[in-house]
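Below is one structure, written out as structure tokens; comments come after it.
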Amino acid sequence: SGVDLSSGVVSAMCGGYACVAVKADGSAVVWGDPARGGEADLSSGVATAMCGWEACVAVKEDNSAVAWGYKSAGGDAAGTSMLPDIITADITSGVIAAAAGEDAKR
335 SGVDLSSGVV
345 SAMCGGYACV
355 AVKADGSAVV
365 WGDPARGGEA
375 DLSSGVATAM
385 CGWEACVAVK
395 EDNSAVAWGY
405 KSAGGDAAGT
415 SMLPDIITAD
425 ITSGVIAAAA
435 GEDAKR
């Protein structure tokens, strides 16, 4: 099973270890190193998404946001552990934009 980017892609972004492509139907396709942002279930409601060095973030159509990947690189809003975690931060409202960089703690 590969990554299907054959149709519907409206934007795509790659970081250090993962990539994310947002599709016109509101889904997003994610691939790369699973511990560093390359694995997530974003089947609906995604407005935009981006990946930094070891974590990714998506802003959803309802103005919520979800971050995933390596915790210390922003994959967890708390950023308290060096252990990888998938889909660790969920910000429920008020988000209008997000960005991902090399390390959220620097």
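Start counting the sequence shown at 335; every next residue gets the next number (the working numbering).
All C-beta atoms, glycine included, are put in the ideal place defined by N, C-alpha and C.
None of these values were measured; they are calculated from a predicted model.
| Query | Result |
| --- | --- |
| Cβ-Cβ distance between glutamate 388 and glycine 350 below 8 Å | yes |
| Within 8 Å, strictly: CB atoms of alanine 355 and alanine 346 | yes |
| Alpha-carbon spacing of threonine 422 relative to tryptophan 402, whole angstroms | Residue placement at threonine 422 is poorly supported in this model, since its pLDDT is 44, which falls under 50; the coordinates are not used for a value here. |
| Residue burial classification, glycine 366 (beta-carbon count within 10 angstroms, cutoff 16) | buried |
| Exposure label - leucine 376; buried when at least 16 CB within 10 Å | buried |
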